[in-house]
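J.: Can you keep this structure in mind? I'll have questions shortly.
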Amino acid sequence: MARTRTILDCYTDEPAGLGVPPFIGVWPRYVAGQYEHEPTYLTIDDLRLIRYVEHVPQVVIDPPVGRTHIEVLNHTRNPEAIRRALNDTDQLILVVGVQTPGKYLSARPGTLHEVNKLLASFKLRKILTGPVLSRGTQFRRGFRPQLPQAEDYEELRPFVFESYDELQPYALQGARLIGQMPRLQHRIVEIETGRGCPRGEGCSFCTEPIKHTVQWRQAEHVAEEVKTLMSLGARAFRLGKQSCIYSYEGGDPDKIERLLSGLAALQPEILHLDNANPAMVNERRTELFVKYLTPGSTAAMGVESFDPEVVQANNLNSTYDMTFEAIRTINRTGGFRGDNGCHALLPGINILLGLAGETPETLDKNLAALQRILDEGLLIRRINIRRVVPFPGTRLYEQVGQKMLRKNRRYYTRWTQAVREQIDIPMLKRLFPVGTVLKALCSEVHNGTTTFMRQIGSYPILVAVHQRLPLNEFFDVRITGHLRRSLTGELAS
76 MARTRTILDC
86 YTDEPAGLGV
96 PPFIGVWPRY
106 VAGQYEHEPT
116 YLTIDDLRLI
126 RYVEHVPQVV
136 IDPPVGRTHI
146 EVLNHTRNPE
156 AIRRALNDTD
166 QLILVVGVQT
176 PGKYLSARPG
186 TLHEVNKLLA
196 SFKLRKILTG
206 PVLSRGTQFR
216 RGFRPQLPQA
226 EDYEELRPFV
236 FESYDELQPY
246 ALQGARLIGQ
256 MPRLQHRIVE
266 IETGRGCPRG
276 EGCSFCTEPI
286 KHTVQWRQAE
296 HVAEEVKTLM
306 SLGARAFRLG
316 KQSCIYSYEG
326 GDPDKIERLL
336 SGLAALQPEI
346 LHLDNANPAM
356 VNERRTELFV
366 KYLTPGSTAA
376 MGVESFDPEV
386 VQANNLNSTY
396 DMTFEAIRTI
406 NRTGGFRGDN
416 GCHALLPGIN
426 ILLGLAGETP
436 ETLDKNLAAL
446 QRILDEGLLI
456 RRINIRRVVP
466 FPGTRLYEQV
476 GQKMLRKNRR
486 YYTRWTQAVR
496 EQIDIPMLKR
506 LFPVGTVLKA
516 LCSEVHNGTT
526 TFMRQIGSYP
536 ILVAVHQRLP
546 LNEFFDVRIT
556 GHLRRSLTGE
566 LAS
């Protein structure tokens with residue numbers, strides 16, 4: 076039997092790109108597009124599953140009581156077929172790299188240590204690629220990125236392209252890989268629109284400015300890829316892989332509209348965006364996003380800190396006043412409720428702990444700013460709090476290393492709890508009052524008799540329904556209560 080080439084997707088999570096299910100990242104697709112014959116597609120869940128079966132032959136991924144085993148939920152085939160695929164593989168291309176780790180509902184990214192251990196018994200040529208080669212990979216709450224050791228792999232193979240013209244054939248040919256991915260109708264596809272940082276030097280912690288100079292992808296190329304993916308069954312898309320979608324082609328409204336109108340004409344079921352620099356948010360650009368995107372989208376703004384001294388020390392992208400004006404602008408334009416029960420477009424706030432210049436008073440200033448947002452009656456979809464990781468090559472790495480993280484670490488847990496209690500719960504009550512009906516939530520996992528579900532989209536709200544419902548089906552849900560970062564609900568019909 077002929078030996079094959081296989082891609083092993085360990086899932087990626089970058090500052091400007093998501094690839095952890097339900098997101099379908101760009102990396103496996105681009106890698107697949109380099110080859111004339113379509114590679115076999117496996118996930119880290121496949122490796123875990125065959126290891127589980129060795130110890131528990133009748134393993135149940137979603138047992139009738141207890142929790143869903145998310146670490147194997149995204150397997151692509153049965154254990155016997157996984158083993159056959161691996162035994163028939165000559166080259167195994169590992170896609171690895173988590174640089175902005177978070178909490179994941181229905182998947183768990185693979186680490187270098189884990190994948191090497193799971194592959195120890197297989198005789199094949201391991202080729203490592205993905206974000207891990209540029210700046211390493213990170214555990215959740217880990218302080219140091221894990222860097223690959225060359226002796227563990229036959230080859231370290233960065234995926235590089237000089238221009239988006241060079242990338243386009245890879246993107247189109249690699250689109251076919253989604254046909255091998257599980258539960259495609261419940262996934263959202265990440266679409267690259269640009270790379271590099273339009274600000275030049277960029278923020279002290281960010282890896283984006285050191286990856287490449289600023290380039291924007293042609294609107295026609297983006298639409299061509301989306302059209303190809305839709306012909307293969309994809310229906311939901313997120314415009315990601317850029318540091319600021321508002322800065323597309325210099326923020327030119329005509330070019331932004333050309334991009335968005337071309338995509339909207341294809342009539343995807345979901346079309347959302349991601350990162351936005353508050354300094355680039357204005358009325359005209361926001362009107363275009365609200366006009367062409369589907370409801371429920373979040374403009375995730377890298378505020379990082381409301382402390383002016385921290386802003387200056389880390390060259391952050393927006394001042395206190397700019398951030399508040401951006402929040403107000405998006406609220407004025409996108410703060411109405413769409414037909415799926417969510418607001419058309421809302422801002423999201425990213426806060427980073429451990430930046431240069433941070434003091435205990437920084438945390439007080441951040442909490443006060445978030446309280447001001449609440450007091451002004453403004454809406455923000457979510458507050459994302461994480462601890463910064465100084466990756467090699469960034470200014471923060473050279474500036475403070477691990478010192479700042481350790482200095483204020485003892486304050487973080489209590490401060491985060493205060494945000495969740497004092498800000499998140501009142502905000503969720505404002506966003507989703509009791510009785511609000513959210514439509515087309517996908518049931519993703521169980522925990523006992525509770526089913527956790529979300530809409531397909533960018534940063535959808537998590538809803539717990541106290542019924543054990545079938546997984547991977549869509550339900551309309553009426554909101555009954557509010558938790559720290561999630562809701563409770565009941566079936567609406």
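The working numbering puts the first residue of the sequence shown at 76, with every later residue one more than the last.
For every residue, glycine included, the Cβ atom is placed at its ideal position computed from N, Cα and C.
1) Name the two residues that bound the continuous alpha helix (DSSP H) containing K514.
2) Need the endpoints of the beta strand (DSSP E) that L83 sits in, please.
3) Measuring CB atoms only, is the region 191-205 touching the region 480-495, in the sense that at least three cross pairs come out at less than 8 Å?
4) State yes or no: is the C-beta of F234 within less than 8 Å of the C-beta of V95?
5) In the DSSP assignment, what are the bridge partners of P422?
6) In chain order, which beta strand (DSSP E) runs of at least 3 residues are fully inside the region 93-130?
7) Considering only C-alpha positions, which residue in the set T79, G108, E111, D121 is nearest to Y86?
8) Looking at the ligand COA, does it come within less than 7 Å of A419, judged from the CB to the closest heavy atom?
9) Going by the CB atoms, is the gap between I448 and I405 shorter than 8 Å?
10) Would DSSP call R359 helix, strand or coil?
11) Quick check on the DSSP output: the alpha helix (DSSP H) that includes N441 runs from which residue to which?
12) Can you tell me whether DSSP reads L304 as helix, strand or coil?
13) Count the other CB atoms, across all protein chains shown, that sit within 10 Å of the CB of S533; report buried if there are 16 or more and exposed otherwise.
14) Using DSSP with H/G/I as helix, E/B as strand and the rest coil, what is Q293?
15) Could you tell me the alpha carbon to alpha carbon distance between H261 and T526, rounded to whole angstroms?
16) Going straight from the alpha carbon of M528 to that of E226, what length do you get?
17) List the endpoints of the continuous beta strand (DSSP E) containing S561.
18) Does DSSP put M76 in a helix, in a strand, or in coil?
19) What do you reckon, are the CB atoms on Q497 and Q446 nearer than 8 Å?
20) Can you find at least 3 beta carbon pairs, one from the region 437-446 and one from the region 410-423, that sit closer than 8 Å?
21) Just tell me which of F381, Q387, N390, P184 has its CA closest to the CA of T398.
22) Kindly indicate which three-state DSSP category D329 falls into: helix, strand or coil?
23) Under a three-way DSSP split, which group does T268 fall into?
24) To the nearest angstrom, how far is it from the Cα of S393 to the Cα of A375?
25) Strictly by DSSP, which residues pair up with L259?
26) According to DSSP, simplified to helix, strand and coil, what is G141?
27) Just tell me which of T437, V356, K366, R258 has its CA closest to the CA of G423.
28) Drop a sphere of 10 angstroms on the beta-carbon of P90, count the other beta-carbons inside from all chains shown, and report buried for 16 or more, exposed for fewer.
29) Identify the continuous alpha helix (DSSP H) that holds L242 and give its terminal residues.
30) Between K316 and R292, what straight-line distance do the alpha-carbon atoms span, to the nearest angstrom?
31) Quick one: what's G539 bridged to in DSSP?
32) With DSSP as the reference, label D165 as helix, strand or coil.
33) With a threshold of 16 other CB atoms inside 10 Å of the CB of Q224, please say whether the residue is buried or exposed.
34) Do T268 and L314 count as a contact pair if the criterion is CB distance below 8 Å?
35) For the alpha helix (DSSP H) containing D396, list its first residue and its last residue.
36) Between the C-alpha atoms of A77 and Y116, what's the straight-line distance to the nearest angstrom?
T.: Taking the coordinates as given:
1) Taking the first residue of the sequence shown as 1, we reach residue 514 at position 439. Per DSSP, K514 belongs to no alpha helix (DSSP H); it is in the beta strand (DSSP E), 512-522.
2) Here residue 83 is taken as the residue at index 8 of the sequence shown, counted from 1. Start and end: 79-89.
3) no
4) Locating residue 234 in the sequence shown gives position 159, counting from the first residue. Locating residue 95 in the sequence shown gives position 20, counting from the first residue. Taking 8 Å as the Cβ cut-off, F234 and V95 do not qualify as a contacting pair.
5) Taking the first residue of the sequence shown as 1, we reach residue 422 at position 347. BP columns for P422 point to A374.
6) 115-118
7) In the sequence shown, counting from the first residue as 1, residue 86 sits at position 11. Per the Cα distances, D121.
8) Judged by which ligands are present, the structure shown has none, so any question about the ligand COA falls away.
9) Taking the sequence shown and counting its residues from 1, the one referred to as residue 405 is at position 330. Taking the sequence shown and counting its residues from 1, the one referred to as residue 448 is at position 373. No, Cβ-Cβ distance for I405 and I448 is not below 8 Å.
10) As a position in the sequence shown, residue 359 is number 284, starting the count at 1. Reduced to three states, the DSSP call for R359 is helix.
11) Residue mapping note: residue 441 aligns to position 366 of the sequence shown, counting from 1. Per DSSP, N441 belongs to the alpha helix (DSSP H) from 435-450.
12) Against the sequence shown, residue 304 aligns to sequence position 229. DSSP places L304 in helix when its eight states are reduced to three.
13) In the sequence shown, residue 533 corresponds to position 458, counting from 1. With 16 or more other Cβ atoms within 10 Å, it is buried.
14) As a first step, residue 293 must be located in the sequence shown, where it is residue number 218. Q293 falls in the coil class under three-state DSSP.
15) One-based indexing of the sequence shown puts residue 261 at position 186. One-based indexing of the sequence shown puts residue 526 at position 451. Computed Cα separation, rounded: 16 Å.
16) Numbered from 1 along the sequence shown, position 453 holds the residue referred to as residue 528. Numbered from 1 along the sequence shown, position 151 holds the residue referred to as residue 226. Roughly 42 Å separates the two Cα atoms.
17) Taking the sequence shown and counting its residues from 1, one reaches residue 561 at position 486. Run containing S561: 561-566, per the beta strand (DSSP E) assignment.
18) To locate residue 76, count along the sequence shown from 1; it is residue 1. Annotation note: pLDDT 44 at M76 (below 50); position unreliable, no value reported.
19) Here residue 497 is taken as the residue at index 422 of the sequence shown, counted from 1. Here residue 446 is taken as the residue at index 371 of the sequence shown, counted from 1. Contact: yes.
20) no
21) For this step, residue 398 is matched to residue 323 along the sequence shown. Checked all of F381, Q387, N390, P184; the closest Cα to T398 is F381.
22) Counting from 1 along the sequence shown, the entry for residue 329 is found at position 254. It is helical.
23) As a first step, residue 268 must be located in the sequence shown, where it is residue number 193. Three-state DSSP puts T268 in coil, outside helix and strand.
24) Taking the first residue of the sequence shown as 1, we reach residue 393 at position 318. Taking the first residue of the sequence shown as 1, we reach residue 375 at position 300. Answer to the nearest angstrom: the Cα atoms are 13 Å apart.
25) Here residue 259 refers to the residue found at position 184 when the sequence shown is read from its first residue. Answer is none; L259 lacks a bridge partner.
26) Counted from its first residue, the sequence shown places residue 141 at position 66. Reduced to three states, the DSSP call for G141 is coil.
27) For the purposes of this step, residue 423 is identified with residue 348 of the sequence shown, where counting begins at 1. The candidate whose alpha carbon is nearest that of G423 is V356.
28) For the purposes of this step, residue 90 is identified with residue 15 of the sequence shown, where counting begins at 1. Classification of P90: buried, given that the 10 Å Cβ count is 16 or more.
29) Translated into positions along the sequence shown, residue 242 becomes position 167. 239-249 is the extent of the alpha helix (DSSP H) around L242.
30) Within the sequence shown, the letter at position 241 stands for residue 316. Within the sequence shown, the letter at position 217 stands for residue 292. Cα to Cα, K316 sits roughly 11 Å from R292.
31) Within the sequence shown, residue 539 is the residue found at index 464, counting from 1. According to the sequence displayed, residue 539 carries Ala and not Gly. Beta-bridge pairing links A539 to F527, T563.
32) Start at 1 with the first residue of the sequence shown, and residue 165 comes out as number 90. D165 falls in the strand class under three-state DSSP.
33) Numbered from 1 along the sequence shown, position 149 holds the residue referred to as residue 224. By the 10 Å Cβ count, Q224 comes out exposed.
34) Indexing the sequence shown from 1 puts residue 314 at position 239. Indexing the sequence shown from 1 puts residue 268 at position 193. Yes.
35) In the sequence shown, the residue the question calls residue 396 occupies position 321. D396 -> alpha helix (DSSP H) spans 395-409.
36) As a working mapping, residue 77 is identified with position 2 in the sequence shown. As a working mapping, residue 116 is identified with position 41 in the sequence shown. Reliability of the predicted coordinates at A77 is poor, the pLDDT of 49 falling under 50, and the value obtained from them is presented with this limitation in mind. Approximately 17 Å between the Cα atoms of the pair.
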